[in-house]
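Beneath this line is the structure, given in structure tokens, with notes to follow.
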Amino acid sequence: QKEVEQNSGPLSVPEGAIASLNCTYSDRGSQSFFWYRQYSGKSPELIMFIYSNGDKEDGRFTAQLNKASQYVSLLIRDSQPSDSATYLCAVRGSFQGGSEKLVFGKGTKLTVNP
Amino acid sequence: GAGVSQSPRYKVAKRGQDVALRCDPISGHVSLFWYQQALGQGPEFLTYFQNEAQLDKSGLPSDRFFAERPEGSVSTLKIQRTQQEDSAVYLCASSPRTSLNEQFFGPGTRLTVL
Numbered sequence: 004q005k006e007v008e009q010n011s012g013p014l015s016v017p018e019g020a021i022a023s024l025n026c027t028y029s030d031r032g033s034q035s036f037f038w039y040r041q042y043s044g045k046s047p048e049l050i051m052f053i054y055s056n057g058d059k060e061d062g063r064f065t066a067q068l069n070k071a072s073q074y075v076s077l078l079i080r081d082s083q084p085s086d087s088a089t090y091l092c093a094v095r096g097s098f099q100g101g102s103e104k105l106v107f108g109k110g111t112k113l114t115v116n117p
Numbered sequence: 002g003a004g005v006s007q008s009p010r011y012k013v014a015k016r017g018q019d020v021a022l023r024c025d026p027i028s029g030h031v032s033l034f035w036y037q038q039a040l041g042q043g044p045e046f047l048t049y050f051q052n053e054a055q056l057d058k059s060g061l062p063s064d065r066f067f068a069e070r071p072e073g074s075v076s077t078l079k080i081q082r083t084q085q086e087d088s089a090v091y092l093c094a095s096s097p098r099t100s101l102n103e104q105f106f107g108p109g110t111r112l113t114v115l
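Chain order of the listed sequences is W and C.
Each position in the first sequence, counted from 1, maps to that position plus 3 in the numbering used here.
Each position in the second sequence, counted from 1, maps to that position plus 1 in the numbering used here.
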């Protein structure tokens, strides 16, 4: 089982709709969770991070974390064509020998249709 | 201020050649990470430095891969005797110690091994 799983999509939503991106992880000791956006041919760009159970909102983005279910999600409200990108879920695992590495999922490709 | 920079941006190598990829982290960032991203995949962790100390090299795929950060700033990832399976984008990320592992990525080096 891969450590971080995402539905690779593609996910297609109309402009103005809510896009819902999901991620599950296997390491129950994971401490922090990140959503990166990656445009084609570009490097990942951090858009949200969450450490505690519940919801965290930032503008049109809401991250949701449920540690009991080992599940993290990203909601994008009022989706815009400029949101079309691959969204990477990343998890920092339990502290092991001082490493702060992130474990990434494969990414979900989102297309927002005008 | 300036972000993470990487050079070269593109590198074509013949199979068996040695290559060296450079990363300049954000000034003052203590932690530096190298990731490998194959086409259609999420980034995979290679190695991590805290200042000049290499704290985790568990992701390096073979002993052909070597990374260093001798003065705790610039880092070099060296790949000896390149193979076709080494073709990927190599991403460098840096993080200030106090940011709870928010990592900022450079533009990457796209390596193609012929």
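For glycine and all other residues, C-beta sits at the position ideal for the given N, C-alpha and C.
Neighbourhood of F64/W in chain C, by CB distance below 7 angstroms: empty, with the nearest CB roughly 15 angstroms away. At a cut-off of 9 angstroms between C-beta atoms, D57/C counts as an interface residue with respect to chain W. The segment 76 to 114 of chain W is shown to contain no whole alpha helix (DSSP H) run of 4 or more residues.
The segment 82 to 94 of chain C makes no contact with the segment 30 to 39 of chain W, as fewer than three CB pairs between them are under 8 angstroms.
V13/C is positioned such that its CB atom lies no closer than 9 angstroms to that of C93/C. In this structure, E103/C and S96/C form a Cβ contact; the two beta carbons are roughly 6 angstroms apart against a cut-off of 8 angstroms. When only Cα atoms are considered, V7/W and L14/W end up about 18 angstroms apart. Residues of the same chain with a CB within less than 6 angstroms of the CB of K59/W, apart from the 5 flanking positions on each side, are I53 and A66 in chain order.
Separation of S59/C and Q51/C (C-alpha to C-alpha, rounded to the nearest whole angstrom) is 15 angstroms. The three-state reading of DSSP puts E60/W in strand, counting E and B together. Think of a sphere of 9 angstroms around the beta carbon of Q42/C: the chain W residues whose beta carbon falls inside it are F107, K109 and G110, in chain order. With respect to chain C, the C-beta atom of L49/W has a partner C-beta closer than 9 angstroms. Between K109/W and R95/W, the CB-CB gap reaches or exceeds 9 angstroms. Sequence-distant partners of G17/C (beyond 5 residues in either direction) whose C-beta falls short of 6 angstroms from its own C-beta, in its chain, are R82.
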